[in-house]
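Residue 8 is where the sequence shown starts when you use the numbering used here, and the numbers rise one by one after that.
The beta carbon of each residue, even a glycine, is placed where N, CA and C say it ideally should be.
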Amino acid sequence: MLQCKVITSLKDLEDYKEIWSQILERANNDNPFVEYEWIAAWWHFLGKADPVEIYVVVHKNTPIAFFPLTHTSRFGIHQFKFIGDDVATYMQVISEKEWLEPAIEYLLDVLTKKYKRLLFELNGLLESRESSKVLEKIAIKRQLPYSIFRVVTPLIEIEEMDHPDKKKKFKKKFKDIIRCENRFKSLGQLTFQPFEEKYEDMFQLYNRRWMKKIDTSGFSAGIKMLFFEHLANQKGRGFKVEINKLSFENKLIGFTYDICCRGRRVCYKMAHEPDFHIFGPGRIIERENLLKSKNDNNTLYDFGSGYEPYKLEWATKLDFTRKFLFSSNGLRERGFRNLLSALYTVKFKISSSHQYVEMKRDRFGEVLYFIKNATMKEHYEKIVDVCSNIFSIDTIDLYCLENQSFQPDMNFKEMKIQDILEHNHREELVPLFFKQYRLYSNNKEEITFLRNDQFIREESINYMEALPSNSTFIKDYDVNNLQEIVDMIQQEGLTIYTAVHGASYKKEVY
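Below you can see the structure in the form of C-alpha cells.
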C-alpha cells in the first residue's frame, strides 16, 4: 500500500536527507541537480518565495520516491513544475528504479482526485534517463494530451577520446589550440590550476565578459551569486563543485565553474577576459578541463544543452533535454496546454538557430551597451564611422625606405604585454600582441608607434603581406616623431615599410 506525503519547508526536508541520498547513491545517479546538497541550497537561497511542494511516495513507512515540484494555480488550473527551473540544467524524479513507474502512477492518481484540472510542465528531462521515458509511457497509456520539446545536449565520453577514430579528431583540435597557446606563452607565463582567489574576482570577471552581451542566467547577480558561492563550498557523497582558473602572469583571465557528480562533469559556467579573446582562452580552458576530467577518471564531460558549434564539434555523443508538457483532459486545461505548446514551439525553433541566438546575445547586447553608456560625442563618431564605411572607398600607398646607417639617441622604449595589463586601453592593445606587433612608447600611457617584423598589415582594408627579410613595418605614429623612429630602427640595419591612406595629410612628409 502506497502513501503520499508533502514537504513544504526546508526544515522538514532535512529529515529525509539520508534516505534521499541513499536512493541516489544506489542508483549511481550522475545528475548533480537532484542531489540533496543542490536541492537544499536552491531552496535556502532561491526558492523561499516559491510554492515548493516536494511529494514523497511511501511504501511500508519507507520513502521510495521524491517529486521536487512547485505548485501554482491559474485560471482554475493547478500547474506543477520541477523546482529550479531557471538554474537547474537537468531534473528528474528521485526514485528506486523498480518503484519509478508505480510511484508516478500513484502520484497522478492522488493529484487527479484532489484537483480537477491539472497541467504539468516538466523541464530538464534527459531523454536517456528513465524519468523521461516513463512519463511519456504513462501519458500515452492514460491518453493524456502531451507535447515534447527538445534541445541537443552534447557530451564527451572520456573513454572515447582514446578510440582510434576519435583520437585523430581530438589530436587535430588540440594541435590548433596549442598553436594559439604557444603564441600566448611566448609573451608570458600561462597557467591552469584550481581557483583560490576570492569568489568576488570570479563574478567580476564574468560581468566583464558579459558586459556587452545579453546574459539571462543571472549567474553573478544578487541572490544567485550568493547561491553559487555557497554551492561551491558544498560537498556530498557524490556531489561537488570544482572551479579552475586560467592565469596569465599570475593575473586571473578565465575560469570554469563545474558541477561534478559520480563521474559526470557539467561545465556549468565558463568565462574569460574579453580583452584576451583573440588568443582563444576559452578553447585553452576547455582543453585543459577536458584533460583534467580524464586524469580524474570522469566518464562524461557535459557541455550542457545548446547548439553552439564548439559543443557539437567536440562531442562524441548526443543526448537531448526535454520539456515535457501534459495535462488532464478537461477543455480548459487542454486549451491552456495548446497555447503554451504553440509558444514553446516558436521558442525552441528560434533557440535551435545558433545564428539567431548569437545575434540576439552578442549584436543586440553590443547595441544596448553602446546606447546606455556612450557619450554624445561617441554617438556622433559612431554615426560618422558607419556612414564612412558605407560611402567611402579606402586606398593606401605603401612606402619603403632602404637601410641607412644612423647613430640616434634611443627615446622610445618597447612595451611588453606585462606592461599593459593594467593599461586603460588594454582592450585595444592586447590583440596587437597576437598580431605580432611590437609596441613602443615614450611614457607609461601613450603608445608612440607600432612595429611588425613579420607582416605589412592594414586592417582598415583587410590587407596583409609577408615582409621581406631584414625589414619591418611601422604604423600609428605621429609624423612629428617619424624621423626619430626611422633613425632608431635603421640602427638595426632594417628596411622600413609604412602605409599611408590615399587621402591622408601624412603623404606630404614622404
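Suppose you measure from the CA of residue i to the CA of residue j; what does that come to, to the nearest Å?
| i | j | result |
| --- | --- | --- |
| Val141 | Val437 | 53 Å |
| Ala228 | Pro171 | 44 Å |
| Met168 | Asp37 | 20 Å |
| Thr69 | Leu9 | 10 Å |
| Phe262 | Ile147 | 45 Å |
| Tyr62 | Val13 | 5 Å |
| Ser224 | Arg157 | 19 Å |
| Pro58 | Gln29 | 26 Å |
| Gly195 | Gly287 | 15 Å |
| Leu197 | Glu466 | 28 Å |
| Lys356 | Glu365 | 14 Å |
| Leu346 | Phe333 | 12 Å |
| Arg370 | Gln362 | 11 Å |
| Glu320 | Ile390 | 38 Å |
| Phe377 | Met383 | 11 Å |
| Asn296 | Asp303 | 10 Å |
| Thr79 | Lys252 | 41 Å |
| Lys121 | Glu108 | 20 Å |
| Val64 | Ile285 | 54 Å |
| Ser16 | Glu188 | 50 Å |
For residue i, which of helix, strand or coil comes out of DSSP?
| i | result |
| --- | --- |
| Ala506 | strand |
| Gly131 | strand |
| Lys220 | coil |
| Gly229 | helix |
| Lys514 | Residue confidence is low: Lys514 scores 46 on pLDDT, short of 50, so the model does not pin down where it sits. Its coordinate-derived value is still stated next. It is helical. |
| Lys144 | helix |
| Phe82 | coil |
| Gly289 | helix |
| Asn487 | helix |
| Ser139 | helix |
| Glu472 | strand |
| Thr306 | coil |
| Ser359 | coil |
| Gly342 | helix |
| His432 | coil |
| Gln497 | helix |
| Asp92 | coil |
| Gln443 | coil |
| Ala243 | Checking the displayed sequence, the identity of residue 243 turns out to be Gly instead of Ala. Residue state, collapsed to three classes: coil. |
| Met8 | coil |
| Asp172 | helix |
| Val64 | strand |
| Glu207 | helix |
| Thr382 | coil |
| Leu325 | strand |
CB-CB under 6 Å to residue i, same chain, minus the five flanking residues each way: which ones, in chain order?
| i | result |
| --- | --- |
| Ser359 | Tyr314 |
| Leu53 | Phe234 |
| Asp460 | Thr479 |
| Gly243 | Glu42, Glu44 |
| Lys330 | Asn130, Phe156 |
| Cys407 | Tyr504 |
| Met232 | Phe210 |
| His66 | Leu9 |
Should residue i be listed as close to the ligand MG, given that the test is whether its C-beta is under 7 Å from any heavy atom?
| i | result |
| --- | --- |
| Ile285 | What this structure holds is no ligand at all, so the ligand MG is not there to describe. |
With a CB to CB cut of under 7 Å and the five nearest residues on each side skipped, what residues in its chain are close to residue i?
| i | result |
| --- | --- |
| Leu428 | Glu256, Lys258 |
| Glu373 | Lys219 |
| Lys318 | Pro161, Phe310 |
| Lys379 | none |
| Arg294 | Phe181, Ile184 |
| Asp22 | none |
| Ile26 | Pro70 |
Nearest to residue i by CA position, among the options, is which residue?
| i | options | result |
| --- | --- | --- |
| Gly91 | Ile468, Tyr444, Glu499, Phe74 | Phe74 |
| Phe202 | Ala239, Asp19, Lys174 | Ala239 |
| Ile145 | Lys123, Tyr122, Asp116, Glu112 | Glu112 |
| Lys24 | Ala72, His66, Ile185 | Ala72 |
| Met277 | Phe283, His284, Gly270, Tyr264 | Tyr264 |
| Val94 | Gln498, Val273, Gln443, Thr352 | Val273 |
| Gly270 | Lys301, Glu280, Asn251, Ile260 | Lys301 |
| Phe127 | Ser193, Leu151, Lys176 | Leu151 |
| Gly337 | Glu280, Thr306, His85, Arg124 | Arg124 |
| Lys18 | Asn35, Lys55, Leu31 | Lys55 |
| Lys423 | Ile292, Lys192, Leu474, Glu166 | Lys192 |
| Pro316 | Arg290, Arg341, Asn305 | Arg290 |
Beta-carbon within less than 8 Å of residue i's beta-carbon, same chain only, minus the 5 sequence neighbours each way: which residues are those?
| i | result |
| --- | --- |
| Thr455 | Phe419, Tyr447, Ser448, Asn449, Tyr484, Asp485, Asn488, Ile492 |
| Leu133 | Asn38, Tyr97, Gln99, Ser139, Thr160, Asp326, Phe327, Thr328, Arg329 |
| Phe275 | Going by the sequence as given, residue 275 is Tyr instead of Phe. Contacts found: Thr96, Tyr264, Asp265, Ile266, Gly311. |
| Leu439 | Leu446, Leu457 |
Segments assigned alpha helix (DSSP H), at least 4 residues, entirely inside the segment 22-57
24-33, 43-52
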